[in-house]
Every structure is written in C-alpha cells, then in structure tokens.
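Report on the structure given below.
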Amino acid sequence: MRRDPILILGGTSEAREIANALHGAGHAVTTSLAGVTEQPVLPAGDVRSGGFGGVIGLKSYLESGRIALVIDATHPFAARMSGQAFEACRDSGVPLMRFERRPWAAGDGDDWTIVASAVEAVRALPAGARVLLTTGRKDLEPFFARRDIDGVARMIESPPMDPPANWRVLRERPPFTLAGEAALMAAHDITHLVTKNAGGAATEAKLVAARERRIPVLMIARPTKPEVPQFATVGDLMGSVKRLLSP
Ligand code: NAP
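The following block contains the structure:
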C-alpha cells in the first residue's frame, strides 16, 4: 500500500469518518483542527491543531510535508479556511477535493426565510420574538445587541462574550432528538428559529420540530466556496481518492 501523506482539514464528524477510512486503507493521514474545540473527538492517524498562518503558512506546510492531497472537510460555513486551502493548493500544485454535506431544503409545511447573513437574520426578527439561535459561538453580537428580542442561544463551546440578561446560553453538543428539540422550544415559548444551513442529520431535528410547531425559520444561506471537485458522501470521496492515488 502506498503511504501518500494526505492532509484533511477537519472540524466535522465527516472529516473524522474520512480520516478513519483512509487510515484503515493504509494511507498516512494527518487531520488538521483549528483548535477551537476544548475536547475534540479525535480521528485515527495524526492530528495537528491550530491555524497554519494564512495561505503562506499552509503552502509551507504542504511543501515541507510533501503532501500528496488535501481534503477540505471543514464545515460548510468555514469559508476562510476553504478559500485559503484553494489558494495554497493551487500555488503549490497539490490536488484539493472537498467533502461538503448536502444543504437542508425546505419542504411541505416549512416556513423558511432564506437570509444571507446573521445580520440579515437579526433585522428580519420582529420585536418580541423569542428565538432559538443555533448559529454557534460566532455572530452572537447583533442578536445580543437587540433589547426587544430574547431567547436561547445554543452552542458547543462557551460564547466569546457574556450574554445579556434577556438571553440564555445552552452549551450542548449534537446529535439532538426531535423530542428534545420540541421540548426545548415548548419550554422557552420559542417563536422563531434562527439557524444556518449546515446540513446533516445530527442537527436536523430542530427543523422538524419547527415545522410541527409552525415556528418560522430564518435560514442563513451557505457562503460560496471556490470550485473544486466536491463530494457529498464519504463513499464517493473515497472512490475518487482511490483513483487519484492508485499507482
Ligand atoms: P474559518 O473562519 O474558515 O477559519 C478561520 C481560521 O481558522 C483560518 O484562517 C485558519 O487559520 C483556522 N482554521 C480553520 N479551520 C482550520 C483547520 N481545520 N485546521 C487548521 N486551521 C484552521 O473557520 P471557522 O468557521 O472559524 O471554523 C473553525 C473550525 O471549526 C473549522 O475547522 C470548521 O470545520 C469547524 N466548524 C465550524 C463551524 C462554523 O459554523 N463555522 C461549525 C462547526 C465546525 P490560519 O489562517 O491561521 O490558517
């Protein structure tokens, strides 16, 4: 088996799955984590943590590590890292592919408004809204700044600032169940759900709960990322890696 060094840009459960599968297939794999999660679940293979230092730092990492392939399996909203990976791989001549889960789509009974950003979501909320906010620890400020709305902000890590008295922060890690999401919305009299289109089954129950409870959803659309070969299932991506790295 060839031992091609593969760099996985991680931070998602699928990045872990990919690392485990490639490691199991005999590849030398390093997963890179941003270092923002306190106790990350670690994949098989090597793990490094912390930023590279922009495009220049990543280029130097790719070149000194003789990296054969980069797999960008970062979160769909980690646009900066994906942009930098694109530039560094292009400049270093290293192949790049991306795993990106399919986005969620509104169906019958859903009341979604698609917005471009957290700021747009804040503006769209009516006075008196009681919000379930699941956009993570970034972008909290514009929500916390409004004194005429309140609610529950849920995230894995602690927020970068103290919430005002009218907001409650819940630190919880997915997966979430439908029963749990419905109970949370009922307990806090939630009138609006604000989320970003992360996709994936682990955090989808809130959308079903919102549909069942007729709660409007402000859905923040995904940022645009550079065009690279892209896969929505780990199996498809593995097939492509095999073709690329087979002798
Ligand atoms: P981002 O805005 O795209 O990146 C900010 C900076 O963090 C990058 O410039 C890079 O620093 C560093 N970085 C990001 N991902 C990295 C990785 N996998 N390995 C090494 N450095 C990394 O990213 P973000 O939105 O803050 O997300 C940070 C991490 O959390 C990502 O790995 C992402 O997959 C994960 N995550 C993000 C979200 C989300 O909603 N954004 C949700 C779940 C998980 P340098 O410029 O110094 O290289």
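Position one of the sequence shown corresponds to residue 191 (this note's numbering), numbered consecutively onward. Each residue gets a CB set at the ideal place from its N, CA and C atoms; glycine is no exception. Because the structure is a prediction, the values reported are computed rather than measured.
Proximity test, residue i beta-carbon vs the ligand NAP heavy atom, cut-off 7 Å
i, result
"F242", "yes"
"S222", "yes"
"M345", "no"
"L330", "no"
"T202", "yes"
"M271", "yes"
"F267", "yes"
"T443", "Given that the chain is displayed from residue 191 to residue 437, the structure contains no residue 443 and the question cannot be resolved."
"V407", "no"
"Q229", "no"
"S420", "Going by the sequence as given, residue 420 is Gln instead of Ser. Result no, Cβ not under 7 Å from the ligand NAP."
Beta-ladder partner(s) of residue i, from DSSP
i, result
"F289", "F421"
"K386", "I410"
"R358", "V342"
"P195", "A218"
"D236", "T220"
"L315", "The partner list for L315 (beta bridge, DSSP) is empty, contrary to what the question assumes."
"R320", "D340"
"V260", "L197, L286"
"V305", "I410"
Nearest neighbour of residue i, chosen from the options [CA to CA]
i, options, result
"G214", "L360, D236, A306, H382", "D236"
"S282", "H382, K396, P332, R256", "R256"
"F366", "R320, G241, V398, D338", "V398"
"E310", "L197, T385, E362, P349", "T385"
"E347", "G200, D301, G225", "G225"
"G243", "A355, A278, I261, Q420", "A278"
"T324", "D301, R403, L360, I246", "L360"
"A400", "T303, R313, T423, D262", "T303"
"R292", "G390, L427, P413", "G390"
"L252", "V284, G240, R336", "V284"
Supposed contact pair residue j and residue i - C-beta distance, whole angstroms, cut 8 Å
i, j, result
"L248", "A275", "7 Å"
"E362", "A395", "Not a contact, Cβ separation roughly 12 Å."
"P266", "A388", "6 Å"
"V424", "E204", "6 Å"
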